[in-house]
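In terms of my numbering, the sequence shown opens at residue 25 and continues consecutively. Where a beta carbon is used, it is the ideal one built from N, C-alpha and C, also for glycine.
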Amino acid sequence: MSWSCSGNYLCISSSVISSNHLTPSFNTCNLVSQYKEQNREGYDLKRTTSVFACNSLKAPSYKLDIGQRRKHHVVKKRNNICAYYSLKSPPYKFDALEPYMSKRTLEVHWGEHHRGYVETLNKYLGKNDILYGYTLDELIRVTYNNGNPLPEFNAAAQVWNHDFFWESMQPGGGNLPILGLMQQIEKDFGSFSNFREEFIETALTSLFGSGWVWLVLKRNEKRLAIATTTNAVTPLVWDDIPLLSLDMWEHAYYLDYKNDKARYANVFMDHLVSWNAALARMARAQSFVNLGEPKIPVA
Ligand SMILES: [Fe+2]
Numbered sequence: 025m026s027w028s029c030s031g032n033y034l035c036i037s038s039s040v041i042s043s044n045h046l047t048p049s050f051n052t053c054n055l056v057s058q059y060k061e062q063n064r065e066g067y068d069l070k071r072t073t074s075v076f077a078c079n080s081l082k083a084p085s086y087k088l089d090i091g092q093r094r095k096h097h098v099v100k101k102r103n104n105i106c107a108y109y110s111l112k113s114p115p116y117k118f119d120a121l122e123p124y125m126s127k128r129t130l131e132v133h134w135g136e137h138h139r140g141y142v143e144t145l146n147k148y149l150g151k152n153d154i155l156y157g158y159t160l161d162e163l164i165r166v167t168y169n170n171g172n173p174l175p176e177f178n179a180a181a182q183v184w185n186h187d188f189f190w191e192s193m194q195p196g197g198g199n200l201p202i203l204g205l206m207q208q209i210e211k212d213f214g215s216f217s218n219f220r221e222e223f224i225e226t227a228l229t230s231l232f233g234s235g236w237v238w239l240v241l242k243r244n245e246k247r248l249a250i251a252t253t254t255n256a257v258t259p260l261v262w263d264d265i266p267l268l269s270l271d272m273w274e275h276a277y278y279l280d281y282k283n284d285k286a287r288y289a290n291v292f293m294d295h296l297v298s299w300n301a302a303l304a305r306m307a308r309a310q311s312f313v314n315l316g317e318p319k320i321p322v323a
């Protein structure tokens with residue numbers, strides 16, 4: 025038995041099977057109907073397009089692509105799934121955000137809450153291997169199920185949301201956005217101070233219960249916007265492109281700020297937010313969302 029990490033996956037196998045190439049295209053309708061069928065009738069792997077869940081985890085003597093995975097799914101008995109999602113660490117030390125976010129908050133928020141979502145997700149995947157093999161983004165979109173979430177959705181989205189949140193902050197954060205991101209904020213909000221005020225106001229007044237505040241790039245409108253989502257919902261399911269997030273669940277701020285959510289949101293904007301991360305995310309998004317005027321070559 026050996027363990028290895030690869031991207032979002034933690035592989036456990038008697039002979040390591042790389043999961044880098046396991047990013048299937050999928051048909052949501054087929055998958056959901058298979059999911060329901062599987063749950064109604066139990067684990068009859070002959071009836072599904074399941075992957076190489078295996079009895080003794082014996083590796084095939086060839087690399088499996090997606091087509092092969094769908095052909096080689098006949099397994100008499102299933103004891104194990106051989107890949108899970110891993111708990112990613114924040115990109116800084118636990119005390120690196122002090123005094124604005126304490127080491128204790130990171131220990132509890134990442135070490136207990138975030139870890140709990142990963143473990144819950146992996147338990148679900150252990151029961152429903154039909155969902156095995158997707159990237160986390162794909163899994164979220166599939167299990168959102170057009171607004172009728174499957175049980176796995178909550179844990180999957182919370183894992184993604186927390187990974188994204190940790191990377192939305194940095195030691196020495198705050199200050200002002202830079203380069204094209206500042207220009208886009210000024211274009212879409214009028215000024216940075218307008219954006220800042222709207223972001224904090226939204227965090228304090230638009231969320232009822234636990235949830236998230238986001239700066240997103242609206243793919244179709246080609247503009248920035250502030251959005252909120254409740255519970256575990258993420259803008260990914262609406263095809264918006266997230267650039268920043270602020271966790272407004274009580275576990276994110278209570279140890280440091282008690283019920284003073286206003287102070288927490290202001291400190292996030294003044295000392296924690298990573299404009300570097302947001303700029304990098306916008307730059308990646310611009311590879312498929314053109315925010316400028318069409319560039320027409322002149323003959
Ligand atoms: Fe959280």
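DSSP three-state assignment for residue i, whether helix, strand or coil
{"i": "Ala-249", "result": "strand"}
{"i": "Thr-159", "result": "coil"}
{"i": "Trp-190", "result": "helix"}
{"i": "Tyr-116", "result": "coil"}
{"i": "Tyr-124", "result": "coil"}
{"i": "Glu-273", "result": "The sequence given here has Trp at residue 273, not Glu. Residue state, collapsed to three classes: coil."}
{"i": "Lys-282", "result": "coil"}
{"i": "Val-325", "result": "Summary: the structure shown does not reach residue 325, with the chain confined to residues 25 through 323, and so no result is reported for it."}
Distance cut-off 7 Å: residue i Cβ against heavy atoms of ligand 1
{"i": "Ala-307", "result": "no"}
{"i": "Ala-227", "result": "no"}
{"i": "Ala-181", "result": "no"}
{"i": "Trp-262", "result": "no"}
{"i": "Asp-271", "result": "yes"}
{"i": "His-8", "result": "The structure shown does not extend to residue 8, since the chain is modelled only from 25 through 323, so no value can be given for it."}
{"i": "Phe-295", "result": "Reading the sequence as shown, one finds His at residue 295 and not Phe. Flag unset: Cβ of His-295 not near ligand 1."}
Option nearest residue i by Cα separation, candidates the options
{"i": "Asp-264", "options": "Arg-165, Tyr-141, Lys-117", "result": "Arg-165"}
{"i": "Leu-260", "options": "His-275, Ala-276, Tyr-277, Leu-239", "result": "Leu-239"}
{"i": "Tyr-108", "options": "Thr-129, Phe-213, Glu-136, Leu-155", "result": "Leu-155"}
{"i": "Pro-115", "options": "Pro-195, Glu-122, Gln-208, Ser-269", "result": "Pro-195"}
{"i": "Thr-252", "options": "Ser-234, His-275, Arg-287, Arg-243", "result": "Ser-234"}
{"i": "Met-125", "options": "Asp-187, Ala-289, Met-306", "result": "Ala-289"}
{"i": "Phe-20", "options": "Ser-298, Phe-118, Lys-147", "result": "Residue coverage of the chain in this structure runs from 25 to 323, which leaves residue 20 outside it and unanswerable."}
{"i": "Phe-188", "options": "His-138, Tyr-168, Gly-214, Gly-150", "result": "His-138"}
{"i": "Thr-226", "options": "Pro-175, Met-206, Met-272, Gly-204", "result": "Met-272"}
Neighbour-count burial assignment, residue i, 16 or more Cβ in a 10 Å radius
{"i": "Ser-192", "result": "buried"}
{"i": "Asp-284", "result": "exposed"}
{"i": "Asn-244", "result": "exposed"}
{"i": "Thr-229", "result": "exposed"}
{"i": "Ser-217", "result": "exposed"}
{"i": "Phe-232", "result": "exposed"}
{"i": "Ser-215", "result": "exposed"}
{"i": "Arg-305", "result": "buried"}
{"i": "Phe-213", "result": "buried"}
{"i": "Pro-266", "result": "buried"}
{"i": "Ala-181", "result": "buried"}
For the region 158 to 235, list the alpha helix (DSSP H) runs that are entirely contained and at least 4 residues long, ordered along the chain.
Contiguous alpha helix (DSSP H) elements confined to the region 158 to 235 occur at 160 to 168, 176 to 190, 203 to 213, 216 to 229, taking only those with 4 or more residues.
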